[in-house]
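Have a look at the structure below, then the notes.
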Amino acid sequence: MCTLNESKRCLDTKVASPQISFLRHTQAILASILFAHLLANPLFAKWDDIPPAELEATECEAYPDMAAEILFKRQILDEGESANRFREFHLRLKVYDESAIEAVRNKRIFYSGNSSLNYIAARVVKPDGSMTELHKDDIYEKLESKNRSRTVYSKSFSLPNLDVGDILEYRYRINSDEGYYTPRLFVTFQEDWPIRRLELKIRPYIAKGVGFKWIRRNHSADLERKANGFYVVVIENLAPYPDEPNQMPDRYEKAHFQFFEVMNMRKGENYWKAQAVDLYRRTENKAKADATIKAKAKSITKGISAKEDKLKAIYTYCVTAFRNASQSEPGKITADERKKIDSDSNAQKILKSGYGNGYNCNVLFCALAKAAGFDARIAAISDRSKDIFVQVVENLSMSLPDIVIAIKSNPSDEWSFYDPGLKYLKFGELNWTNQGVTALIGDKKETLFVKTAAPYPKANNQNGSAALSLSEDGTLSGKVKISLGGCYNTLLQTQLDGQSPKNRKETLRKELSKQYSNATFRSIELSNVADPLNNIQVSFQIEIQRYAESVGDRLVINPNLFYRYDDFEYTSEKRYTGLYYPFPYFYSDRIEIALPANYQLDQASAPRPVKINSLFDYNPKLSFNKSKHMLIYSRSFEFEGSRFQKEAYPIIKRAFDQIYQQDQHTITIKKMDTGVGASSLPQSSPSNT
Amino acid sequence: MGRTYHILLAVFLGLAILQQLLAKPSVPDWVKEAQQLESPKIKPKDFHPYVLLWDEGIYKVSPSGKIERTIRVAYRLLDNAGSKHAKAYAPYDTSYSTKPKIKAWTIKANGDIHQYKRSDVQDNASSSFHLVNQRRMLFVDGSRRTFKGDVFAYEYTQEEDTIFTQYYWRFEAIRPVALSRITIEAPDDWSVDATPFFDAPKSQRDGELYVWEMRDMSAIKVEDDAPSSSVQHSHIRINITPPSGSRLSSRNLVFNTWGDLADFTADTMRGPSKPDEDIISKTEELISGYDTKWEKIQAIGSFVQKLRYASISLDIGNGGGYTPRPAAETYRVGYGDCKDKSILMVSMLKTAGIDAYAVIVNATDNDSVVPDWPSPHYFNHCILVVSLEEPIEAPAYLHDPDLGHLVFIDPTSEVTPMGELPRKEQGGLVIIGKNGLDKLVRLPSARPSDNSEHYQIEAEFIGNGALIGRLTKSLLGFEADRERYSQKRNSDTKYKTAQARALSDNNSSANIKITAIEDNALQDRTFKITVDFGIRGYGSFNRQISANGELPGQISFIFKPALFSRLAENPYTKKIREHPLSLRAKQISESSKVYLPIGYIVDEYEKEISIETDFGAYIATSSIEGDTLTYNKTFTLFEQIVPPDRYPELQEFYRKVIERDHTPILLKQAPTPEETPTDATASNERLAISDFSS
């Protein structure tokens, strides 16, 4: 839910001048010293009376299982006056459960060297109304960190005698020094616990010649503009927003206001059209196909006739020959070269240097593609790991923060997108964050919003195969091969490419040991790790002693080596927030297990499939190859992972639970009587593999 | 004249600045020397992304007692994975040290030198654990410039002024070391006494200089559960003391005997433990109505335990780390650190007429103390000991020949009942803060039955192999402490979710409903959780291959009788063990009564499984009468230090226990199939064996 409520034009707005008269400055300093002195003494902290009902409460009415409830929260953000910017915070919280005490009993407030924390007051109120106030001697100040660009201080205190049933209350104020302001405000206000009453008061910074806009998201309360430039809102009974597994990015779901500075006075369609023109100009200026570029393009595409193949050759050049500093290639770019990288470079300079960041790589790709006759343009694109694109957020770097290259294909006139700046993306792939999202393509006339291809499960795949044998004591051993595709491959190549071959094996061995704690591994091999053109392949020998459980003459075995040790996904019956999966995926496995020669199938059934249309398709199969005396287990799992409202949680939980249960499926084999050989295996056991 | 002078001065200064700008960066001689060193030996199969070429400390003691400390370190990167270790750290504490002056360099494999600038230095507070402290750390990050083949080197110098006189130097490290050296320069009349441990060398003295040096050392292997005294790394411990009779000798702390440390502890704690009127009044309120000494101790202890932990760590260099805040102050604010809480409890106990003393311990390593070398630096925690007239039945009880009946109490641990000690403290050597007590005392260790988890279950199979029933999990000792901690730190919902996960471990998708939680900390010290549970598909029906190999055959039913206490993972999977292993006492047991599916009888099961070694014992018995299975299991580990050559035996013991703990029971259809219940028949339907039947 997202609404642009207001956009403020401010060319004529009165702007506080950085030139403040000495007198005014002195007055401000004296006033703040006096104010700080008065307020630092707890004797001067004035507290509101707390209603008896709040003192007596033993649980949150709306959410009885919550460990605490915020009775009152007030946030004041004043960025308006350059001489008197401040942030004030006031919180009153009722503790219902011991666990909340651990979270709140110590408070550390951080503030930068450009600001001062000159007022803190806190108290603990017992259910009988008696109160203990924080004494100023019990507040500790500390220099947290200091480097060339930033100094951070903190003040901390522990709340006195805090216990279950108490109300704690604190407030503080941070004053910012002149000239230090935040051009973007992301004002989030939901907490782990429900909030009974929230007051927000915000005055954003307004600089001369620029404006600001604000939007509200994921809630319905509007800000009201007051005469003094403040925007205020009161919200009652806000739901909790606790940490939960597979949670959506904050901006998708968490209630917030966004304030952002705008340099461009255009709005709506006009705004985006102007951005498209800017991107077009950038393409023309920075990705110009001059003689040098053309010559390079010609040499890259020499002997290639098909257009698609030419583009692929240029892409291959960019991901293999270009030294990309944005990828983790330690040592391949020197520190001095890194310093010289300039995102404003044009394609000619980039080609000459042969290195740069991911953006430089994309600009070079764009220029080379143009030189090869393609209509190639720079496009700004949304990042769905952070936010959903909405046109009302009229700020290019917030809404469409990434840059890719759009190429128009003839004759369909459709646009396709490329991002060789991320060097492990294969030709035609986009990073998962840019799949199924909106891109704005540079154009001098039109506002070209185009949606990139949506992700689909089979593109992001993991394929496993294992040729194993089971011994009479239940030990399972053999060779395992795993290959990855799509996002899985890109993520792993990016993670491993900076490591040495030995270190990569160590990394893999550690990961495998986490999954199979009782196993030993040999002959670990990884191929194509730093190969931008091919996917990673992994293989290793595994041995797990007593993998099968024995009882008398029987062995009980779970043939699903890959997932039998997995934990099930969700244990909580309740869910407060939605679910989010970065991308859909597809797993496909085939496991062959040669059984001990003198054992025969005793009890055997197959695990069941689990299917929910358009969401889950889990399909395990188990068969027996009589001639090879071998169990063959295959499993495919396709999950249309996306985002889901919290109401879908029970369905998803149940499906994952069922899959977990089927992944634990076992069969039994039994030692044959003396004199009975493999040839007397049950005749009806089909050798259908 | 004046003008000419100014011009000349400006030219001179300009040239000097120009020279500075044009000068190529250089490194000190020690870095050049470090670069020339061969990389130290690396054991076959070991992977080290970097090695330590140079690790040096130079301590210059001035007659005033101040010590100028210089640390020099150089790494050589053998792999790009080592880049993240190319970082310089210079810790300091503002209570007794100046801010270090730090320099750092990356020397590329081709000889190029990069010297880090002052602006590259970050100055950070070193810990957010304390509400406030004075510890800080300078930090230079060389990870973006230092890669395989490069050398990263740094040095820093600081001046320290502290009342402590003991120093420690470790020659070996977790990475191979080419050279490690410590040099102490002290005035002639000062004494420098060093005790070498393991292969550490004796000093070479050259006038006022004392030097200890070792070269070409392999990496120390870090292994879980290794007693620290057994990890044999070469180190020295040094006493640097001023001449007797000097002004400094009265200020500096010298611990020649454990009695010195006991006296120091007693003297430091005495003042702060004096009760004020508020403490007296609160103590009277707490003990009113209680007759026995133990009841009074429990009442006071429970109150102090509930006070919140918050550490205010100031003036460490002058003994601040050993000096509690006044008990009255801790009582007023309602929070404190270990020594604050211990002294408040000592104060209250004394008010109640009960003798108690502060005790200094190591809370994280019960094997840290070297008995031959008295020092306060082994200890990082404060508890207390209470004098009793008669023995009590509790794991924290000890009879000491000099002090009589004692019980140790750790009021900082909010989850350890009176009468017990946190596990990591058990068995450690400690100092009791009593004047004249010149000895270390060993804390008692719990028996296996004191650290136990017991599962009591009554359950029955229904439908498609689902198991429903009631479980009471009863915990004692550190297992109970862990549960209390989890309950305190998590909201009710989160705690119950975590319980469900823990109880579902190895059981597919259990539904758990907690019906009761009982904390008997002040009674039998148990923590009990009662749950109603349902586990879908706990037992599974399978179609047996019939005698002639045709499908369908008879239906069988398989399940594991160890329901909730099944051991899943062998904690000892590493192939090779270099150091001894500390095995802690523990007991896991399960007693269950399970009603079997109607219409099924036993096909195969093991009546008794018994494994006995001197590491521990496992015994499981199953008996089936009619439709009821009675199952009892006890797995016990005995407290001991396992030598490395017996590690394979321990692995094998665990492996066998896990294997046998998963032993299933097989049932088969009773001979009268017409009596098979409807739900089992329904289960036949779902046994459509996809590929088997094709």
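Sequences listed follow chains A and B, in order. Residue 322 in numbering that gives the first Met the number 0 sits at position 323 of the first sequence, and the numbers go up by one each step. Residue 276 in numbering that gives the first Met the number 0 sits at position 277 of the second sequence, and the numbers go up by one each step. Cβ atoms here follow ideal geometry from the backbone N, Cα and C, with glycine treated the same way.
Item, Value
"Assign Phe-321(A) to one of three DSSP states: helix, strand, or coil.", "coil"
"Mind checking if Ser-118(B) is an interface residue toward chain A, Cβ cutoff 9 Å exclusive?", "yes"
"When Cβ atoms are compared, which residues of the region 529-546 of chain A fall closer than 7 Å to chain B?", "Gln-544, Arg-545"
"Contact between the region 109-119 of chain B and the region 159-179 of chain B: three or more CB pairs below 8 Å?", "no"
"Does Leu-665(B) come within less than 9 Å of chain A when only Cβ atoms are used?", "yes"
"Check each candidate in Lys-287(A), Cys-317(A), Ala-286(A) and name the one with the smallest Cα separation from Ile-299(A).", "Cys-317(A)"
"Is the CB of Val-593(B) under 9 Å away from at least one CB in chain A?", "no"
"Please determine if the region 525-533 of chain B and the region 644-656 of chain A are in contact, where contact requires at least 3 C-beta pairs separated by less than 8 Å.", "no"
"Under 7 Å Cβ-Cβ, which residues of chain A neighbour Lys-487(B)?", "Glu-97, Ser-98, Glu-101"
"What residues are listed by DSSP as bridge partners for Cys-381(B)?", "Ile-359(B)"
"Using the C-alpha atoms, what's the distance from Asp-480(B) back to Met-363(B)?", "It should be pointed out that residue 363(B) corresponds to Thr in this sequence rather than to Met. If you take the alpha carbons of Thr-363(B) and Asp-480(B), they lie about 16 Å apart."
"State the DSSP-derived secondary structure class of Pro-90(B), mapped to helix, strand or coil.", "strand"
"For a minimum of 4 consecutive residues, which ranges assigned as the alpha helix (DSSP H) are wholly contained in the region 231-308 of chain A?", "249-252, 267-285, 290-299"
"Determine the burial state of Leu-8(B): buried for a count of at least 16 other Cβ atoms within 10 Å of its Cβ, exposed for fewer.", "exposed"
"For Lys-281(B), which residues of its own chain have a beta-carbon under 8 Å away from its beta-carbon, when the five flanking residues on both sides are left out?", "Phe-302, Tyr-330, Met-347"
"List, in order along the chain, the chain A residues whose C-beta lies closer than 8 Å to that of Asp-568(B)?", "Per the sequence shown, the amino acid found at residue 568(B) is Glu instead of Asp. Result: Ser-516, Asn-517."
"For the region 466-495 of chain B, which residues have a beta carbon sitting closer than 7 Å to at least one beta carbon of chain A?", "Lys-487, Arg-488, Asn-489, Ser-490, Asp-491, Thr-492"
"Quick one: Cα of Asp-92(B) to Cα of Lys-100(B), how far?", "14 Å"
"Can you list, in chain order, the residues of its chain with a C-beta nearer than 7 Å to that of Gly-13(B)? Leave out the 5 residues immediately preceding and following it.", "none"
"Given that Val-131(B) touches chain A, what residues does it touch there, using C-beta distances under 9 Å?", "Tyr-139, Glu-140, Lys-141, Ser-155"
"Which residue marks the beginning of the alpha helix (DSSP H) containing Thr-97(B), and which one marks its end?", "Element bounds for Thr-97(B): n/a, residue is neither H nor E."
"Could you please tell me which residues of the region 42-72 of chain B, in chain order, have their CB closer than 9 Å to any CB of chain A?", "Phe-46, Pro-48"
"Beta-carbon separation of Ser-157(A) and Asp-137(A) under 9 Å?", "yes"
"Closer than 8 Å, Cβ to Cβ, to anything on chain A: give me those residues from the region 97-125 of chain B, in chain order.", "His-113, Ser-118, Asp-119, Val-120, Gln-121, Asp-122, Asn-123, Ala-124"
"Using CA coordinates, which residue listed in Pro-186(B), Thr-264(B), Val-139(B) is at the minimum distance from Ile-239(B)?", "Pro-186(B)"
"Starting from the beta carbon of Leu-161(A), find every residue of chain B whose beta carbon is closer than 8 Å, and list them in chain order.", "Arg-307, Gly-333"
"For a contact defined as C-beta to C-beta under 7 Å, what are the partners of Asn-105(A) on chain B?", "Leu-130, Ala-309"
"If we require 3 or more residues per run, which beta strand (DSSP E) segments fall completely within the region 459-539 of chain A?", "460-469, 475-483, 518-526"
"Below 9 Å between beta carbons: does that hold for Leu-429(A) and Ile-440(A)?", "no"
"Give me the Cα-Cα distance between Phe-477(B) and Ser-549(A), rounded to the nearest whole angstrom.", "33 Å"
"Does Arg-250(B) come out as helix, strand or coil in the three-state DSSP assignment?", "helix"
"With DSSP collapsed to three states, give me the class of Ser-381(A).", "coil"
"Between Ile-557(B) and chain A, is the shortest Cβ-Cβ distance under 9 Å, so that the two count as touching?", "yes"
"By how many angstroms is the C-alpha of Thr-506(A) removed from the C-alpha of Asn-624(A)?", "36 Å"
"When you compare the CB of Gln-660(A) with every CB in chain B, is at least one pair closer than 9 Å?", "yes"
"If you measure from the beta carbon of Asn-631(B) to each beta carbon in chain A, is any gap under 9 Å?", "no"
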